[in-house]
Amino acid sequence: MEVSTFELLVKAIAPRKPSNPVTDEVARRVVQGYFLTVTNLESEDLKLQIEFYISLPTKANPNPKPRLLEANTILVYDIAFDPNIKLDVKRVDTGNKKVGKYIGEFDLPAGQTASVQLLPDLANGILGNPDPQLEIRGYAALVNVTPSKNKAPVKVLLSPEIRGTFLPNALEPGKPLDFDQIAYALPLASGKALNSIEYADAKDKPKETEK
């Protein structure tokens, strides 16, 4: 089932102009991620596949890398773990040159609530870039891939959010840092929090894209 749209960002909130110190000062950077809260309302454990469909950069884009999930993002999963669990993400072929599809899987025990987070990967040094350009948009979907003879839809509660942090342009040790945060709920494609996820046999998963 389609869940919601999402937007990932590590980018200045306004175009930076080094020749204009006033504009450069207010054009702070935002680091923005996607958070999906999922509750399993069934009496059995579930294995769910989360899918991310993104708008691929065109051939005319001179800098396509910041528009892709590869090497730019991490997928994190947490119920009550310490630390959180990092999930593998694979890109799969869609047959559409304008749309990229990525999949990951996670287990959700009966009655439990998980947070699944698609986040910019800050460990790759992007915060050291004075003018980062990470900007990825798309939508998320969920599929039930639980090994089971019962292929009836399963009931879940869903709550998607965007959360972001505004950072100063110069992250210099010893200097005062000004941080602000933003968080807002995203509308669900179904229009309601209580949803049913259809079953998809694991053998029907698309093949991983060749690299």
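Residues in the sequence shown are numbered consecutively from 236, following the numbering used here. Built from N, CA and C at the ideal position, the CB exists for glycine as well.
Along the length of the stretch 415-440, whole beta strand (DSSP E) runs at least 3 residues long occupy 415-420, 429-432, reported in chain order. If you keep only unbroken beta strand (DSSP E) runs of at least 3 residues inside the stretch 378-407, you get 389-402.
Taking the C-beta atoms as reference points, PRO355 is found nearer than 8 angstroms to VAL266. DSSP, reduced to helix, strand and coil, places ILE371 within a strand of the structure shown. DSSP places LYS300 in the helix class (H, G or I) of the three-state scheme.
Straight through space, the alpha carbons of LEU353 and PRO365 are spaced by roughly 23 angstroms. Closest in C-alpha terms to ASP342, from the list SER425, GLN284, PHE414, comes GLN284. Excluding the 5 residues flanking it on each side, PRO292 has same chain C-beta neighbours closer than 7 angstroms at PRO299, ARG302, in chain order. Between LYS321 and LEU304, the CB-CB gap reaches or exceeds 8 angstroms. Cβ contact annotation for GLY346 (same chain, cutoff 7 angstroms, sequence separation greater than five): ASN275, in chain order. Cα atoms of TYR337 and LYS294: separation of roughly 20 angstroms, rounded to the nearest angstrom.
A straight-line Cα-Cα distance of about 19 angstroms links THR308 and ALA418. Rounded to the nearest angstrom, the Cβ distance from PRO403 to ASP415 is 10 angstroms, too far for a contact under 8 angstroms. Looking only at LYS282, GLU286, ASP280, ARG263, the smallest Cα-Cα distance to PHE241 is reached by GLU286. Bounds of the beta strand (DSSP E) holding SER290 are 281-290. Taken atom to atom, the span from the alpha-carbon of PHE270 to that of PRO318 is near 17 angstroms. Residue environment: VAL238 is assigned as buried (16 or more neighbouring CB atoms within 10 Å of its CB, all protein chains considered). ILE314 is positioned such that its CB atom lies no closer than 8 angstroms to that of THR272. Assigned with DSSP and collapsed to three states, ASN359 falls in helix.
DSSP, reduced to helix, strand and coil, places GLU340 within a strand of the structure shown.
Check the Cα spacing between THR329 and each of PRO344, TYR288, THR381, TYR312: the tightest is with TYR288.
By the neighbour-count criterion, in which 16 or more other beta carbons inside 10 Å mark a residue as buried, LYS246 falls on the buried side.
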